[in-house]
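Residue numbers (my numbering): 4 to 401.
Ideal Cβ positions, reconstructed from N, Cα and C, are used throughout, including at glycine.
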Ligand SMILES: *Cc1c(COP(=O)(O)O)cnc(C)c1O
């Protein structure tokens, strides 16, 4: 058995991982320069934000899109457009980014922090149903890690309970469920273009909907309460300036043409990595996608380390092997800052899985299949060491 890198051995993956974002492509540079030269830097004077929003929406199976500043405010705008406000409750999954709860608070509503299914850490029909109360008006479904949430059971419960469905697809550009793109499965979908996401302009967000009225309201909220095509100083409702800039749209518009190839690259990495984990037979496994997944966009790879693993030691040993992993989200209900303003439900499903899970982040997934095999080898070495569990694999299997 080779010496672990944490003990001074040669790392399983000695080389670097890809940078994110990738170097700007010629079409991005050209468009960006065009915007700079034109002087039309904002969407009130330039055409690119609208063009991008429309093309992005069409690529996600719906007619209407509104580009804005970031994904957090996209969630806020979607909720406001749907009429969610003070006195209303919105169910959010207990395992997600904090923006899911804070966007609800920004809208003046109360987040209900629900449990997730331990198999894939998504909201399920069952955990949603258990969270619905008298005042519950909406559910924020999160397509976590690029993996579409189990929408059939979720929309069934939502329809029965009369809930608005907002899809948070901040991590799932281009993902598909039962052949339909995410963002087209609920009432409204939201996306993020923050630096870590699959398409990025440093910051940015987008709301999509097939419903023209909801989209018009979202547009108005982002444009100081104006009406599309209306007079400049006519403000039909209270709104804000939440507009994306033309610089952001110039970086994002060409990206639509290569998103599919990039998802395919991550898919190849994910397959090769999962295969090498399975071959190693060490009890670690990539979390499966819910039934009905047509395409995960593989924003993150969530890996269950197995029973009784000392996760901090394993993460340190993996980092030494050249395979840095992330420990993932704390349970949302344990974040005091939002929990004190939320209705927090027990989360046994989350508790059973999240603390034995680590993430491989998106830039790593853009690497080659050989790199994936080396990453799998690093997991095999580290989890095969008795310090990973305090007991040797042999005595465990006895
Ligand atoms: C990134 C992210 C957001 C927030 O997007 P920002 O553009 O950073 O505001 C919301 N939800 C999820 C699940 C995210 O990953």
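Asked: Three-state secondary structure (DSSP) of residue 17; Found: coil
Asked: Expected contact under 8 angstroms - CB spacing of residue 272 and residue 368 to nearest Å; Found: 5 angstroms
Asked: Contacting residues, own chain, Cβ-Cβ under 8 angstroms from residue 244 (five flanking each side not counted); Found: 225, 226 and 227
Asked: Cβ contact (3+ pairs, closer than 8 angstroms) linking the segment 163 to 173 and the segment 306 to 317; Found: no
Asked: For residue 279, three-class secondary structure by DSSP; Found: helix
Asked: Beta bridge counterpart(s) of residue 114 as assigned by DSSP; Found: 93
Asked: Cβ pair count under 8 angstroms reaching 3, the segment 316 to 336 against the segment 185 to 196; Found: no
Asked: contact_flag[the segment 344 to 364, the segment 122 to 136] where n(CB pairs < 8 angstroms) is 3 or more; Found: yes
Asked: Beta-bridge partners of residue 244, as assigned by DSSP; Found: 226
Asked: For residue 297, the three-state DSSP class (helix, strand or coil); Found: strand
Asked: The segment 142 to 155 / the segment 299 to 312 touching (three or more Cβ pairs under 8 angstroms); Found: yes
Asked: Check: residue 203 C-beta below 7 angstroms from any heavy atom of ligand 1; Found: no
Asked: Residue(s) in a DSSP beta bridge with residue 195; Found: 208
Asked: Local conformation of residue 139 per DSSP, three classes; Found: strand
Asked: Unbroken alpha helix (DSSP H) run spanning residue 70, endpoints; Found: Counting along the chain, residue 70 falls outside any alpha helix (DSSP H), though it belongs to the beta strand (DSSP E) covering 67 to 71.
Asked: Length-filtered (4 minimum) alpha helix (DSSP H) runs lying within the segment 323 to 374; Found: 339 to 342, 351 to 356 and 365 to 368
Asked: Contact the segment 68 to 79 vs the segment 98 to 114: 3+ CB pairs below 8 angstroms; Found: yes
Asked: Assigned secondary structure, residue 181 (DSSP; H/G/I helix, E/B strand, else coil); Found: coil
Asked: Cβ neighbours of residue 18 in the same chain (closer than 8 angstroms, five flanking residues each side left out); Found: 325 and 374
Asked: Contact set for residue 211: own chain, Cβ-Cβ below 6 angstroms, skip 5 residues either direction; Found: 60, 63, 65, 68, 186 and 192
Asked: Alpha-carbon to alpha-carbon, residue 24 and residue 58; Found: 21 angstroms
Asked: Collapsed DSSP secondary structure at residue 390 in the structure displayed; Found: helix
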